[in-house]
Structures are given as C-alpha cells and as structure tokens.
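Chemist:
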Amino acid sequence: MTDKQREQLKRWRTANRWAPNQLRHAAGTEIRKRFGLEGTQVALGRSKANVTEIYAERDLSKAMEIARQAGSSSRQKRG
Numbered sequence: 241m242t243d244k245q246r247e248q249l250k251r252w253r254t255a256n257r258w259a260p261n262q263l264r265h266a267a268g269t270e271i272r273k274r275f276g277l278e279g280t281q282v283a284l285g286r287s288k289a290n291v292t293e294i295y296a297e298r299d300l301s302k303a304m305e306i307a308r309q310a311g312s313s314s315r316q317k318r319g
C-alpha cells in the first residue's frame, strides 16, 4: 500500500466511523415510525419508555401533519 493509499484509507475511516449502537438507534427510529413508542419499547426489550426514547428519535413529520390538520379543522369551524 502506498503512502497516498494509506492517507486515503485514513480519511475514509475517519469519515465512515460507526458503532454497533448506531444500528440499534436506526432500527429503533424506524420501528417507532411504524409502530409507535410502545411497539418500539417491546421490540427493543426495554422496560421503561424513557430509555426507548434515547434509541428511537421522534418523527417530526407526524407533528407537522397534526399541526396541518389542527389548523385545517379550526379554519373550517370559523368558516
């Protein structure tokens, strides 16, 4: 391996670091999108929801959809 190749490999490794818990985090986030917090809690084998929330990010698109629908229904009531 040349010095240039070693340097390229070093840069690639720096840019592409990961840890096993990232797999759990990604899976938890996807499961939460599809099945909610309780489903994620069961799937990840957690007894407390607060720990599950660490591994499963919130789906902000749900919040936007709720706001959109809430705004729509309040306009209809006034209309």
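Note that the numbering used here has the sequence shown beginning at 241, numbered continuously upward. Think of the CB as a built atom: it goes at the ideal place given N, C-alpha and C, for glycine as much as any other residue.
Identify the continuous alpha helix (DSSP H) that holds K244 and give its terminal residues.
Modeler: Residues D243 to A255.
Chemist: Can you round the beta-carbon distance between L277 and A289 to whole angstroms, since I take them to be within the 8 Å contact cut?
Modeler: Contact flag correct, Cβ pair sits at about 6 Å.
Chemist: Rounded to the nearest angstrom, what separates G326 and S287 at their Cα positions?
Modeler: Since the first residue shown for the chain is 241 and the last is 319, residue 326 is missing from the structure and cannot be characterised.
Chemist: So, A320 versus I271, is the Cβ gap smaller than 8 Å?
Modeler: Look at the range of the chain in this structure, 241 to 319, and you will see that residue 320 is not part of it.
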